[in-house]
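The structure appears below as structure tokens.
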Amino acid sequence: MITLYFAPTPNGQKISIMLEECGLQYDTVLVNILAGDQFKPEFLEISPNNKIPTIVDSEGPAGKPISIFESGAILIYLAEKTGRFMPTEPLARMQVLQWLMFQKASVGPMFGQNHHFNDYAPEKIPYAQNRYIKETARLYGVMDKRLAQSTYIALDEYSIADMAIFPWVANYKRHGVDMLDFPNVRRWMDDLKARPALRTGMAHMIETRWKQMSPDEKKTLFEIENKE
Ligand SMILES: N[C@@H](CCC(=O)N[C@@H](CS)C(=O)NCC(=O)O)C(=O)O
């Protein structure tokens, strides 16, 4: 059995999508990162960088339990465990890994800073707001160019690299970009949205987040996510 320690954020959603796509059985444990649960000693034992997502697999390599932190490492582990969504042929495998690293090194950190400075920072700093909107738009441009040549981000088949990027791009309304400028990203996003397992993985996180929030938090989130 796999236990997913998560909070309902894009980094958590990557893993619920993969678990659903693979049809693996899993339990979820909510880590309330707003309340500081990520700093509890028992969580730090499995996630020393105090971040979600983290998994514990009771049947890891050689049948022994294993815990894994960092979403990229978790996706690679699950792909290797199931033999799905990352080819073994060396060239194709490297394509998947390079686009997965692109998400981990660029899309996640830059989009995350965009969310921070534009939606959450108590003080508005125009330089920082603009810097991360510009960087976000540049990254949409990189993805759009790639998706003009390739059905999915790494290959002509769906892979863990797509699962890593989708939950971030699903927040496009928060990014200060015009999706009309990125028609290939739009086409890719619509193709992925049609996948039942991806929808279940996303919905699981959204429902959990919604259940946890106070009416004020719900109102704020609704306003942020629906701002034009
Ligand atoms: N590089 C990490 C990033 C994970 C991450 O930033 N998690 C955030 C939520 S999306 C978190 O747990 N933050 C809590 C904290 O930093 O205290 C990964 O890809 O797993």
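To convert, take the position in the sequence shown, counting from 1, and add 3; that gives my numbering.
The C-beta atom is built at its ideal place from N, Cα and C for all residues, glycine as well.
Fair warning: this is a prediction, and the values are worked out from it, not measured in the lab.
What did DSSP end up calling Val172 once you bin it into helix, strand or coil? For the purposes of this step, residue 172 is taken as residue 169 along the sequence shown, with counting starting at 1. Helix at Val172.
From the DSSP secondary-structure annotation, give me the bridge partner or partners of Tyr29. Taking the sequence shown and counting its residues from 1, one reaches residue 29 at position 26. Ile5.
What residues in its chain sit with their C-beta under 7 angstroms from that of Ala157, if we drop five residues either side in the sequence? As a position in the sequence shown, residue 157 is number 154, starting the count at 1. For Ala157, where only same-chain residues beyond five positions count, the Cβ hits under 7 angstroms are Gln98, Val99, Trp102 and Ala164.
Any heavy atom of ligand 1 inside 7 angstroms of the beta-carbon of Gln41? The residue labelled residue 41 in the question sits at position 38 within the sequence shown. Gln41 Cβ: within cutoff of ligand 1.
Which of helix, strand or coil DSSP assigns to Phe88: For the purposes of this step, residue 88 is identified with residue 85 of the sequence shown, where counting begins at 1. It is coil, neither helix nor strand.
Using the C-alpha atoms, what's the distance from Gly39 back to Gly86? If you number the sequence shown from 1, residue 86 lands on position 83. If you number the sequence shown from 1, residue 39 lands on position 36. Using only the alpha carbons, I get a separation of about 36 angstroms.
For Gly204, is the beta carbon positioned less than 7 angstroms from some heavy atom of ligand 1? Working through the sequence shown from its first residue, we reach residue 204 at position 201. Every heavy atom of ligand 1 is 7 angstroms or more from the Cβ of Gly204, so no.
Pair every Cβ in the region 76-86 with every Cβ in the region 12-28, then say whether three or more of these pairs are closer than 8 angstroms. yes
Lys17 to Pro170, Cα distance in whole Å? For the purposes of this step, residue 17 is taken as the residue at position 14 of the sequence shown. For the purposes of this step, residue 170 is taken as the residue at position 167 of the sequence shown. So the two alpha carbons sit approximately 7 angstroms from each other.
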